[in-house]
Amino acid sequence: MPFEVIPAIDVSDGRLVRMSGGGTVPLDVHGGNPAAAAASFVASGATRLHFVDVDLAHTGVATNLEHLRAIAALGVPVQASGGVTSAEQIDALIAAGAGRVVLGSAALAARNTTERTIASFQDRVCVGIEASGSTIRPRGAEVELPLWDTLLWLGELDVSRYVFTEVDRVGMLEGPELDGIWALATHTGKPVIASGGIRSIDDLTAVARLGGGVEGAVVGRALHEGLNLAEALRAVG
5 MPFEVIPAID VSDGRLVRMS GGGTVPLDVH GGNPAAAAAS FVASGATRLH FVDVDLAHTG
65 VATNLEHLRA IAALGVPVQA SGGVTSAEQI DALIAAGAGR VVLGSAALAA RNTTERTIAS
125 FQDRVCVGIE ASGSTIRPRG AEVELPLWDT LLWLGELDVS RYVFTEVDRV GMLEGPELDG
185 IWALATHTGK PVIASGGIRS IDDLTAVARL GGGVEGAVVG RALHEGLNLA EALRAVG
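Heads up, the sequence shown is in our numbering, so the first residue is 5 and it goes up one at a time.
As structure tokens, this is what we get:
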């Protein structure tokens, strides 16, 4: 399977935004229209999109489903996220067109519920690992979990894939955390999608060269600020 470069479409209050250390920053590119940004990425060759309902992450309510529907209508698979912690949220995102949903790291604090969710949704969910060093530290949640202890437990479950985010690098354009990505893929033996800090084609090729189950990378800010998706896809293809 070719390495995927997956553009991120972060949406808050119906508008395209980007994440930063201090919260969200509205984007004027594509007039702030999430579907227009998504259509541009598809025209440049994207074969999957990553949709983030930022308001869902903050409030627990999916308020941007119409934008997810519009993006899913473009005809490429959509991976949806937004601090997802419940089966009801997963159902809502899938009903709006998501092909799969990222189970947020905060959900991992409730092990019994997580086990039921993974068993129920199977490959329609992937598990988000929001890491800060050796700790899982979900953004916007007062949850801290030991990384490797949690991974040992998850290793007993039928997890389809992981989305690894180095939370301290999100929106910072400081480069990906290659050691953490490689360690997660090697330790779990499951496909891993990297996220956080990617700023250039060199960063993407460095992630792609990790191999060993690292199947793609989510890229947000860099693509909205000049990184050429078509050139990036050629570089890792």
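Don't be surprised by glycine CBs; every beta carbon is placed ideally from N, CA and C.
Since we're looking at a predicted model, the values are computed, not measured.
- The straight-line gap separating the alpha-carbon atoms of ILE98 and ARG104 is approximately 7 Å.
- Setting aside the 5 residues that flank it on each side, GLY49 is surrounded in the same chain by ALA234 and LEU237, each with a C-beta closer than 6 Å to its C-beta; the list follows chain order.
- In the pairwise beta carbon analysis, the region 20–29 is classified as not touching the region 84–94: fewer than three pairs are separated by under 8 Å.
- Under the DSSP assignment, VAL21 falls in the beta strand (DSSP E) whose first and last residues are 19–24.
- When the five nearest sequence neighbours on each side are left out, the beta carbons in the same chain lying within less than 6 Å of the beta carbon of ASP172 are those of SER136, in order along the chain.
- Segment contact: the region 64–73 against the region 103–121, fewer than three CB-CB distances shorter than 8 Å; contact not assigned.
- Just measuring C-alpha positions, the residue of LEU231, SER138, ARG128 and ALA221 sitting nearest ALA102 is ARG128.
- Leaving aside the five residues that flank ALA239 on each side, the residues in its chain whose CB is nearer than 7 Å to its CB run, in chain order, ILE205, LEU208 and THR209.
- For THR154, the enclosing alpha helix (DSSP H) begins and ends at 151–158.
- In this structure, the CA atom of GLY35 is about 31 Å from the CA atom of VAL211.
- Apart from the 5 residues on each side of it in sequence, GLU219 sits with its Cβ closer than 8 Å to the Cβ of MET5, PHE7, GLU8, ARG165, PRO195, VAL196 and ILE197 in its chain, given in chain order.
- Judged by beta-carbon spacing, GLU178 lies within the 8 Å limit of GLY201, meaning their Cβ atoms are closer than that value.
- Assignment of ILE122 by DSSP, reduced to helix, strand and coil, places it in the helix class.
- According to the DSSP assignment, VAL58 belongs to the alpha helix (DSSP H) that extends over 58–63.
- In the three-state reduction of the DSSP assignment, LEU107 falls in the strand class, which pools E and B.
- Closest option to VAL58, judged by alpha-carbon separation, among GLY144, GLU148 and THR117: GLY144.
- At the C-beta level, ALA61 and ALA96 stay beyond 8 Å of one another.
- Counting the other CB atoms within 10 Å of its CB gives TRP152 a total below 16, which places it among the exposed residues.
- Listed in chain order, the non-local C-beta contacts of VAL147 below 6 Å within the same chain comprise ALA110 and ALA113, local neighbours out to five positions each way being set aside.
- Judged by their CB atoms, VAL56 and HIS228 are not nearer to each other than the 8 Å cut-off.
- Under DSSP, HIS54 takes part in a beta bridge, and its partners are ALA12 and GLN83.
- A distance below 8 Å separates the beta carbons of VAL223 and LEU231.
- If you draw a straight line from the Cα of ALA42 to the Cα of THR63, it is about 24 Å long.
- Take the alpha-carbon of THR169 and the one of MET23: they are about 13 Å apart.
- With a threshold of 16 other beta carbon atoms within 10 Å, PRO11 meets it and is buried.
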